[in-house]
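Here is the structure we will look at.
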Amino acid sequence: MTQQNDSTHEQDTTLTNRQGHPVTNNQNLRTVSNRGPATLENYDFLEKISHFDRERVPERVVHARGAGAHGYFETYDVVGDEPISKYTRAKVFQDKGKKTPVFVRFSTVIHGGHSPETLRDPRGFAVKFYTEDGNWDLVGNNLKIFFIRDAMKFPDMIHAFKPDPITNIQNVERFFDFCASSPESFHMVTFVYSPWGIPANYRMMQGSGVNTYKWVNHEGKGVLVKYHWEPLQGIKNLTQKEAEEIQQKNFNHATQDLYDAIEREEFPEWELHVQIMEDGPHPELDFDPLDDTKLWPNDQFPWYSVGKMVLNKNPEDYFAEVEQATFGTGVLVDGLDFSDDKMLQGRTFSYSDTQRHRVGANYLQLPINAPKKRVATNQSGGQMMYKRDLAPGQNPHINYEPSMLNGLKEAAQDGKEYTPYVEGNLVRESIDRQSNTKQAGETYRNFEQWERDELLANLIRDLSVCHMDIQNAMIALAEEADEEYGRLLKEGLHKARKESSPSKPLGNIGGDHAPQDAIDKGH
Ligand code: HEM
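Take 1006 as the starting number for the sequence shown in the numbering used here and just add one per residue.
Here's what the structure looks like:
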């Protein structure tokens, strides 16, 4: 956002209304004598209060709480020892040292707009690159995988994780009910319940595109690609206890940490890494490369650093920039493409759909969302449109294409078009190689001891208030993932049941719980 800085009014701080009329009395209603009643022609008051009445737009249906910053991305122009152009023709990645402006919004996912930033939750990591070819959004999270692999399940998942529709209270039983019934989520649950589920702040967390994308080169050849951000400040996660201690004193700590660091000119930096795979189903792998519940093993698919991002400017206005920022997975530039990842395809419809509702039909005309290059479309009208997107020299009467009267023309294709061949029956089926728990076991074994201890303590605390069937299903998943993981979870839950008071725990309103003797005989 740029401050309105009309030079003729530089030193003039006179308050005006939105019609530009000076406001001479901002303290009192216009009333019949100084005790009232008020009159209906109080234009200044009515305008002031009715704008106030409309100060909120709907909060994001997920990722409602966020913090943002501006900065730039600097390309390295290589993938390992090779020029990056071998893999992608995207201009943002060409020419070593080229800087592209970015805007980043970090967020928590499930909780509402003013919720504590210390809660166990994935964190959003959305980056808007204002490239010379138009905008590219990389809408990621801090963790590299996700709970589900099919977009069809997303609304159910979010309903289960958000507050109960009757009590308006979040309930771990609803969370685990969904997760225990969706075994593909077990890997993500293993991360979220470990300290990786509470990053210490936004500066010291990783980011990842999570979904599989494609890169396309000048010959029109595509490869599969995954993106990961690595913080140069280091990574720091919190134990449950540390998080609670911070929350007692400050529930805005992550927003404050980011803002203060930038004000101190300690600009946070992340390196962007990619993992690359030949395009194709890769039957030699025990997972599907389009499955976002899986990590691509680093030893088989090394990380290559392709650039660096620096955040060096705080927003001038939170609402105009952070709240109204809109990111979407469909926002790609030439040389970047979609894969057939079913989550990515579902997401790509959802973002711009919700943004037309949340911000309005002309959300792309707002300065934070508009590309920093010329826009020329034949789309106009709709609420809050304030300008036509005309090309210099174009005939302004022509708002259609094709035309012989100097209207807008299609762009020339730059490089060979990418035209993958697709064939198959239309079906509603999940993918074949599900391998739901194997990587969860590997992740468990890769954790340090304190991370495993935290994971188990956190799982036992929250699962112990859940229905027996849910507990047993989660134990079965943990046993399948790793012998020790399963055994310790089972023992811990058994102990927690013995020690639990007969009264129902507060968070647990699911009802229909197994009687104590059935619990003792069970797992
Ligand atoms: C925000 C949908 C999966 C990362 C949102 C929003 C919607 C949405 C509707 C609100 C956008 C807005 O109001 O501007 C979906 C759907 C998904 C999905 C339908 C699955 C089918 C994911 C995954 C990730 C992710 C896998 C991580 C890679 C984000 C982030 C935001 C967001 C970071 C916040 C963007 C911002 O800061 O404005 N998502 N999402 N989402 N989503 Fe997703």
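We treat Cβ as the ideally placed atom computed from N, Cα and C, and that holds for glycine.
Between residue i and the ligand HEM, is the CB less than 7 Å from at least one heavy atom?
i	result
His1068	yes
Tyr1426	no
Met1473	no
Tyr1356	yes
Met1209	no
Asp1126	no
Ser1112	yes
Thr1217	no
Arg1363	yes
Gln1360	yes
Asp1297	yes
Met1348	yes
Val1311	no
Asn1146	yes
Arg1061	no
Thr1331	yes
Gly1202	no
Ala1165	no
Gly1351	yes
Phe1529	What the structure shows of the chain is the stretch from 1006 to 1528, and residue 1529 is not part of that stretch, so it cannot be assessed.
Should residue i go down as buried or exposed, given a rule of 16 or more other Cβ atoms within 10 Å for buried?
i	result
Pro1507	Low confidence applies to Pro1507: its pLDDT is 47, below 50, so where it sits in the model is not reliable enough to give any reading.
Ile1373	buried
Met1157	exposed
His1192	buried
Phe1151	buried
Phe1546	The first residue shown for the chain is 1006 and the last is 1528, placing residue 1546 beyond what the model contains.
Leu1020	exposed
His1402	exposed
Lys1133	buried
Leu1337	buried
Gln1009	Low confidence applies to Gln1009: its pLDDT is 48, below 50, so where it sits in the model is not reliable, and the reading given next is rough at best. The residue is exposed, with fewer than 16 neighbouring Cβ atoms inside 10 Å.
Ser1055	exposed
His1164	exposed
Met1210	buried
Gln1521	Unreliable positioning characterises Gln1521 in this predicted model, as indicated by a pLDDT of 38, which lies under 50. The coordinate reading is nonetheless provided below. So Gln1521 ends up on the exposed side.
Met1314	buried
Ile1465	buried
Gly1180	Note that residue 1180 is Phe in the sequence shown, not Gly. Flag for Phe1180 reads buried.
Leu1316	buried
Ile1174	exposed
Ser1190	buried
What are the residues that DSSP puts in a beta bridge with residue i?
i	result
Val1062	In DSSP, Val1062 forms no bridge with anything.
Phe1108	His1075 and Lys1133
Ser992	No answer is possible for residue 992: the residues shown for the chain start at 1006 and end at 1528.
Asp1142	Lys1133
His1068	Answer is none; His1068 lacks a bridge partner.
His1233	Ser1213 and His1278
Lys1101	BP columns for Lys1101 are empty, so no partner.
Glu1087	Val1084
Pro1160	Bridge partners of Pro1160: none, in fact.
Thr1021	Pro1027
Thr1448	For Thr1448, which the question treats as bridged, DSSP gives no partner whatsoever.
Lys1219	Leu1229 and Asp1342
Thr1036	Ala1043
Asn1242	Pro1204
Arg1128	Thr1113
Task: Ordered list of beta strand (DSSP E) runs contained in the region 1244-1309, each at least 3 residues - done: 1274-1283
- [ ] Could you pull out every unbroken beta strand (DSSP E) segment of at least 3 residues lying fully inside the region 1314-1348, listed in chain order?
- [x] 1341-1343
Open item on the list: For a minimum of 4 consecutive residues, which ranges assigned as the alpha helix (DSSP H) are wholly contained in the region 1461-1497?
Closed with: 1473-1486
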